[in-house]
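Colleague: Residue numbers (the working numbering), protein chains in the order written: chain A, 1 to 251; chain B, 1 to 240.
Beta carbons: idealized from backbone N, C-alpha and C, even for Gly.
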């Protein structure tokens with residue numbers, strides 16, 4: 001009897017293993033919207049953007065049936081680990097802390113962080129003396145947050161926001177002197193309006209943005225890497241990039 | 001300290017001196033925010049509750065409207081309206097008010113104070129209305145004026161009836177203060193969110209903060225139990 005149970009257990013384990021090692025015909029990919037122009041909703045409610053288009057092309061390449069999931073940034077990594085979806089393609093920069101928890105593909109783009117402020121702001125953001133006492137806004141948990149926390153803590157007051165919208169409101173309302181935000185986001189939400197400008201040089205942070213997956217799904221990561229490499233080589237990547245950007249973000 | 005806790009503390013890379021300090025700053029902010037708003041709220045609520053019991057609609061009506069508005073809408077919405085609304089008032093950035101409302105602490109304090117004052121007003125009003133008619137009649141028979149009656153008879157007995165309901169309000173206020181973190185205040189919850197987003201460790205960050213809130217709650221429960229037994233000592237059996 002005991003042997004039978006052990007045998008049954010082994011059979012189950014083998015079957016479970018077979019299920020695990022599926023060749024990924026269904027992939028659920030998570031995005032945090034809106035994060036223009038990477039992922040956002042069109043007025044008629046359709047998900048679109050650079051990463052969404054890239055994900056579509058990637059799924060075509062993989063001949064996989066992809067489902068797109070909308071997930072708030074705060075719950076991205078926990079949601080991935082809880083198997084609510086299989087991959088994150090939501091402008092997640094590679095960092096050592098994140099790499100502890102998830103498996104990253106090869107990077108597929110990099111954008112710098114940019115400093116933005118109201119028209120009348122005239123301080124050099126690289127001058128620590130001049131920045132003393134200024135209030136800087138960042139999005140919580142982003143590479144910009146880490147940069148400001150490490151480089152400028154004790155010099156400036158850092159305020160952390162969950163969404164870029166709240167941060168823009170506080171910059172407009174003069175609670176913030178300057179924000180340090182993903183360059184494209186600043187370009188979309190601030191430079192498109194009157195009264196704001198870019199200040200100082202944009203800073204390239206981190207190792208770029210990659211697809212994040214669970215650490216155990218090494219087979220998925222391999223196919224994703226192959227597909228991304230193909231898209232970068234055959235020109236599909238450039239076509240999608242030109243649709244959304246006037247500058248180069250390829251990596 | 002048991003061996004396994006010591007080992008665990010040595011192995012984890014989340015609870016180091018910096019994060020513990022961050023939690024401590026958060027704790028201080030939470031306690032300041034809650035204590036000040038409760039204190040100001042109570043000071044506001046006492047006269048409002050007395051006005052609210054007035055038979056003249058012109059006096060009690062506005063107070064009724066105020067408590068109705070603030071008890072009828074979520075505290076989070078009130079906080080948003082005050083925090084973002086004030087910054088939108090044209091030209092406020094050039095007045096001295098901006099020195100106060102520039103910081104997120106004061107809009108939050110204002111929202112919390114108005115909210116808790118509304119609830120406390122209704123709690124006190126309820127216990128004033130429940131004063132036994134005989135006590136008031138007796139006071140009148142002694143020739144006490146309205147003010148004297150209020151001071152000697154109505155308010156002391158109302159306080160005894162209100163203290164239990166008020167202790168709930170205090171604990172709710174402590175828990176509700178967690179939403180202060182949405183307007184960039186680094187209170188206990190804000191500290192936990194920062195630590196969580198730095199280490200991607202939701203369990204550690206939030207369980208630690210939950211334990212801190214729980215410790216604060218137990219302190220409050222204990223304090224109110226002492227206060228209650230003091231206020232209601234006339235009800236204790238003789239000799240106990």
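Under a CB-based cut-off of 7 angstroms, is residue 214 (chain A) close to chain B?
Modeller: Chain B contact via Cβ: absent.
Colleague: Please report whether the beta-carbon of residue 140 (chain A) lies at a distance below 7 angstroms from any beta-carbon of chain B.
Modeller: For residue 140 (chain A), the answer is yes, since a Cβ of chain B falls inside 7 angstroms of its Cβ.
Colleague: Taking C-beta pairs closer than 7 angstroms, name the residues in chain B that residue 78 (chain A) reaches, listed in chain order.
Modeller: What residue 78 (chain A) touches in chain B: 202.
Colleague: Between B:128, B:165 and B:113, which has its C-alpha nearest residue 152 (chain B)'s C-alpha?
Modeller: Nearest C-alpha to residue 152 (chain B): B:128.
Colleague: With burial defined as no fewer than 16 other Cβ atoms inside 10 Å of the residue's Cβ, what is the status of residue 222 (chain B): buried or exposed?
Modeller: By the neighbour-count rule (16 or more Cβ atoms within 10 Å), residue 222 (chain B) is not buried but exposed.
Colleague: Flag this pair as yes or no: are the beta carbons of residue 189 (chain A) and residue 57 (chain A) separated by less than 7 angstroms?
Modeller: Not in contact: residue 189 (chain A) and residue 57 (chain A) (Cβ atoms no closer than 7 angstroms).
Colleague: Is there a C-beta anywhere in chain B that falls below 7 angstroms from the one on residue 175 (chain A)?
Modeller: Judged by the 7 angstroms Cβ criterion, residue 175 (chain A) is in contact with chain B.
Colleague: Would a C-beta distance cut-off of 7 angstroms place residue 82 (chain B) and residue 111 (chain B) closer than the cut-off?
Modeller: A contact, by the Cβ cut-off of 7 angstroms.
Colleague: Going by C-alpha to C-alpha distance, which of A:173, A:60, A:90 and A:201 sits closest to residue 104 (chain A)?
Modeller: For the residues A:173, A:60, A:90 and A:201, the minimum Cα distance to residue 104 (chain A) belongs to A:90.
Colleague: Just the Cα atoms here: how many angstroms apart are residue 113 (chain B) and residue 61 (chain B)?
Modeller: C-alpha separation (whole angstroms): 20 angstroms.
Colleague: So the alpha helix (DSSP H) residue 106 (chain A) belongs to, where does it begin and stop?
Modeller: Here residue 106 (chain A) belongs to no alpha helix (DSSP H); instead the beta strand (DSSP E) covers 103-109.
Colleague: Helix, strand or coil for residue 213 (chain A), going by three-state DSSP, please let me know.
Modeller: Reduced to three states, the DSSP call for residue 213 (chain A) is strand.
Colleague: Figure out for me which residue from A:145, A:144, A:138 and A:156 has the closest Cα to the Cα of residue 130 (chain A).
Modeller: If we check each option's Cα against that of residue 130 (chain A), A:156 comes out closest.
Colleague: Using 10 angstroms around the beta-carbon of residue 159 (chain A), count the other beta-carbons present and answer buried if the total reaches 16, otherwise exposed.
Modeller: Buried, by the Cβ-count rule.
Colleague: Under a Cβ-count criterion, where at least 16 other Cβ atoms within 10 Å of its own Cβ denotes burial, should residue 5 (chain B) be classed as buried or exposed?
Modeller: That one is exposed.
Colleague: Is there contact between the region 19-30 of chain B and the region 185-198 of chain B, where contact requires at least three CB pairs shorter than 8 angstroms?
Modeller: Result yes; three or more Cβ-Cβ pairs closer than 8 angstroms.
Colleague: Between the region 195-211 of chain A and the region 114-122 of chain A, can you find at least three pairs of beta-carbon atoms closer than 8 angstroms?
Modeller: In short, these stretches touch, since the Cβ pair count reaches three.
Colleague: In terms of alpha-carbon separation, which member of A:215, A:153 and A:218 lies closest to residue 133 (chain A)?
Modeller: The candidate whose alpha carbon is nearest that of residue 133 (chain A) is A:153.
Colleague: Report all residues from its chain with a CB closer than 7 angstroms to the CB of residue 231 (chain B); omit the five preceding and five following residues, and keep chain order.
Modeller: If we look at residue 231 (chain B) and ignore the five residues flanking it on each side, its Cβ neighbours are 159, 160 and 163.
Colleague: Is it true that the region 46-61 of chain A meets the region 30-37 of chain A, where meeting means three or more beta-carbon pairs spaced less than 8 angstroms apart?
Modeller: In short, these stretches touch, since the Cβ pair count reaches three.
Colleague: I'd like the list of long-range same chain contacts for residue 91 (chain B), defined as Cβ closer than 6 angstroms, with 5 residues on each side in sequence excluded.
Modeller: Here the set comprises nothing.
Colleague: Using a Cβ-Cβ distance under 7 angstroms, would residue 152 (chain A) count as near chain E?
Modeller: Here the protein chains are A and B, and chain E is not one of them.
Colleague: To which residues of the same chain is residue 115 (chain B) closer than 7 angstroms at the C-beta, ignoring the five residues directly before and after it?
Modeller: These residues qualify, in order along the chain: 70, 75 and 78.
Colleague: Run through chain A and tell me which residues come within less than 9 angstroms of residue 87 (chain B), C-beta to C-beta.
Modeller: Within chain A, the residues near residue 87 (chain B) are 169, 170, 172, 173, 174 and 175.
Colleague: Grouping DSSP H, G and I as helix and E and B as strand, with all else coil, what is residue 27 (chain A)?
Modeller: Residue 27 (chain A) falls in the strand class under three-state DSSP.
Colleague: Going by DSSP in three states, residue 140 (chain B) sits in which element: helix, strand or coil?
Modeller: DSSP places residue 140 (chain B) in helix when its eight states are reduced to three.
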